[in-house]
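Notes follow the structure.
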Amino acid sequence: MADITDQKERSFPKIEFTDSEAGALTFPSSKSRTYNYYKPAKLRATMYEDVTVDVQPDPDRHLTQGWIYGFGNGPGGYPQEWTQAKSSNWHAFLDPNEEWEQSIYRNNSAVVHQVELCLKNAKRAGVYDAWNSSWLKFIERNLGAWMHAENGLALHVFTAVQRSGPTNMINTAVAVNAAHKMRFAQDLALFNLDLSDADVVFAGEAHREVWQEAPEWQPTREVVERLTAVSDWCELLFATNVVFEQLVGSLFRTELVMQVAARNGDYITPTLVGTGEHDYDRDLGYTRALFQLLVQDEEHGAANKELFASWLSTWVPRCLEAARALQPIWSQPAEKPVTFATSLDNAIAKFSSLLEDLGLDIPKELDK
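First residue of the sequence shown: 1, per UniProt numbering; consecutive thereafter.
Take a look at the structure:
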């Protein structure tokens, strides 16, 4: 048996502490207790910027080895080729509404609470009993039909492309847009159910036939269905939020429903429709900021402006046709404080003002 004293003493490598390569570097905020890997829009970074900017990786900014993942059919990450529009820096876009996960839930929760309280008060006070038959008919047919437009845009337009943008900031704004549309469509559906259960003559199922067959709604339905077939995410945002919502959406919601409801003894519908208009106002804010950035781009601005003009030539005639087809519904309420001509002129004026803000030429179709 060997003597343990004859065994050699084992040696272990000594631990040597060194600075890690990244930690040893000196950068502008090295001595600060907080630092940013991006330049905030203002002096201090906002919570929105901290949770959205560069959360989505980009090899042009951080991934020196290229995309670390890709799609089975070829492109990796977030291809800029998914739109014809060009930008020298897509990351320059920041949502002026500063929407992120917490604010999405907070803002929509406030709207849902408002709608629920409005409908509960309406049922408790029995306000539906005082509405005249022509206004109930208008609501069951037209507001019900518009519910399909909102739902179609929510599910097959904004939800479909909320992953297609080249930055997390753009995709977050589009996802919020989808949530707005979906919630508003559901609010209109709940309103329809309440009226169906009320002790009034109201055909709650009529909206489906109106949307599918009524002549005045078929051009609007066609435009919505055409929008769902567009593959370019930027064209989809432009055609929907800039053209369709101005010439058809706001025409119906603001220039008709919001104007005539109170004159027909209805103070409930404007509250519900007003939430949809508030949503669109916020969504138009991010849309305006994005397209102004693209039009004013030093490298690609001229080409983008020409591209947007071609999109206008495609979608303005379609939306104007849809808008003019809705003219008969202006005569359906018993009290008609506005005419279709006035409503359309107001919608066109607002649309023209928006195009001027974007630095785009006014289409010749608007002068007819």
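We treat Cβ as the ideally placed atom computed from N, Cα and C, and that holds for glycine.
Nonlocal neighbours in the same chain, by C-beta distance under 8 Å from residue i, ignoring five residues either side
i	result
residue 295	301, 304, 305, 308, 358, 359 and 360
residue 225	152
residue 209	none
residue 169	52, 53, 91, 93, 94 and 95
Buried versus exposed, by CB contacts within 10 Å (16 or more), residue i
i	result
residue 349	exposed
residue 283	buried
residue 212	exposed
residue 201	exposed
residue 121	exposed
residue 253	buried
residue 105	exposed
residue 250	buried
residue 94	buried
residue 141	buried
residue 47	exposed
Option in the options with minimal Cα separation from residue i
i	options	result
residue 258	278, 239 and 242	278
residue 218	327, 299, 154 and 274	327
residue 178	342, 157 and 198	157
residue 221	322, 340, 53 and 85	322
residue 159	289, 344, 227 and 292	227
residue 317	124, 248 and 292	248
residue 83	363, 204 and 238	238
residue 288	194, 210, 11 and 351	351
residue 86	336, 355 and 291	291
residue 88	337, 315, 57 and 298	298
residue 244	114, 311 and 273	311
residue 103	139, 270, 195 and 176	176
residue 286	77, 91 and 98	98
Residue span of the alpha helix (DSSP H) that contains residue i, given as start and end
i	result
residue 97	Careful: residue 97 lies outside any alpha helix (DSSP H) and carries neither H nor E.
residue 356	340–358
residue 310	301–325
residue 220	218–227
residue 291	269–295
residue 261	From DSSP, residue 261 is part of no alpha helix (DSSP H); its letter is neither H nor E.
Same chain only: Cβ atoms within 6 Å of residue i, ignoring 5 sequence neighbours per side
i	result
residue 49	40
Cβ shell of residue i (< 7 Å), same chain only, five flanking positions each side left out
i	result
residue 185	147, 150, 151 and 154
residue 320	247 and 365
Worksheet entry | Length-filtered (4 minimum) alpha helix (DSSP H) runs lying within the stretch 131–170 | Complete alpha helix (DSSP H) runs here, min 4: 133–138 and 144–153.
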